[in-house]
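Since the structure comes first, as structure tokens, the remarks are kept for the end.
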Amino acid sequence: MSNNLKKDYKPPVEESKDHNMSSDGISLKQTDIDDDDIDQDHNRTVNFEPSKGLTTAEAEKRLLEYGRNELEDKKTPKWLIFLQQLWAPMPIMIWIAAFTEAGIQNWPDFGILLAIQFINASLGYYEIVKAGDAVAALKKSLKPVATVKRDGKWINIDAATVVPGDLALLASGSAIPADCIVNHGTIEVDQAALTGESLPVSMYRGSKALMGSNVVRGEVEATVEFTGSSTFFGKTASLLQGNDELGNLQKVLLNIMIVLVILSFTLSLTVFGVLLADGETFSDSLSFTVVLIVASIPIAIEIVCTT
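Each step along the sequence shown adds one to the number in the working numbering, with nothing skipped, and position 280 is 1574.
Below is the structure:
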């Protein structure tokens, strides 16, 4: 048994200097669990010491340390989401092409480019808002009451005040208030909202029950492992609600677009020079080159790949 997993949940004797440890020396980070302690086939923590409950004083101390068991409610105005779809590397290319067509008074092509711009922006806006609405619906499904053991007694508390190390009661019909490890016994959990699984999942000692799922059969005691934004649901919600940092797929698509833009400009400028050399007018050559650039760049590549 790993020394980092010995959880006796007794009042602290002295303050720990390790920021990855709680005040009573209990490791609460999943990364502290040894690989030998994980059952890879069933996503279970095989060796761990179940919680026996917390005192009110210890719970209050941990609430200050880890924060409330709530997800950050970060909302971006919908009008701003739409404007963001009009100001990105690919939309900027369309704006340049559109104003170039306007400069040579090619109004039909100018109108077509504007239509392409706003159609792509509308599709991107729809996808982002749909993802945000899905997160909001999941938040509403989270029940605000949890049953935990405090000072040796089972009590019902606001789920927002649940802390890592709490001993929680997971009973049939109840929502799982945080990411927990089952202490003993067997329950069946509906994780459809998180994983899309149509059938309940059976969980045993050491299984990880995730916040946002519901118990459909059985009753067990479980040790709270993660709360709030540190839970699986919280991390997923933060990704869907959007960080300024690009995801892996977005980085790959951006690199592809950069390469395609460079190739497109190189070849299109070559064609532009050939047209001028063949005696075509500057206006006609420029108009054809702009159309060629727009046609050769996959403007909606991100929308197509993520829809």
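Heads up, the beta-carbon is just placed ideally off N, CA and C, and yes, glycines get one too.
Under DSSP, Thr-1441 forms a beta bridge with Asn-1450.
One thing to note: Asp-1473 has its Cβ no nearer than 7 Å to the Cβ of Glu-1515.
Cβ contact annotation for Thr-1517 (same chain, cutoff 8 Å, sequence separation greater than five): Lys-1301, Phe-1342, Pro-1344, Ser-1345, Gly-1459, Asp-1460, Leu-1461, Ala-1462, Cys-1474, Ile-1475, Asn-1477, in chain order. Assignment of Asn-1549 by DSSP, reduced to helix, strand and coil, places it in the helix class.
For Phe-1576, the number of other beta carbons within 10 angstroms of its own is below 16, and it is reported as exposed. Straight-line measurement puts the Cα of Thr-1370 at about 41 Å from the Cα of Thr-1480.
Thr-1525 is classed as buried because its beta carbon has at least 16 other beta carbons within 10 Å across all chains shown. By the C-beta density criterion, Leu-1533 is exposed, having fewer than 16 other C-beta atoms within 10 angstroms.
For Cys-1474, the pairing in a beta bridge is given by DSSP as Ala-1503, Val-1518. Under a 10 Å Cβ-count criterion, Gly-1467 is classified as exposed, with fewer than 16 other Cβ atoms of the shown protein chains found around its own Cβ. Three or more pairs of CB atoms, one per stretch, sit closer than 8 Å, so the segment 1505-1514 contacts the segment 1480-1497.
The beta carbon of Thr-1583 is closer than 8 Å to those of Ser-1562, Leu-1563, Val-1565, Phe-1566, Leu-1569 in its chain, skipping five residues each way along the sequence. Partner residues in the beta bridge of Met-1497, as assigned by DSSP, are Ile-1481.
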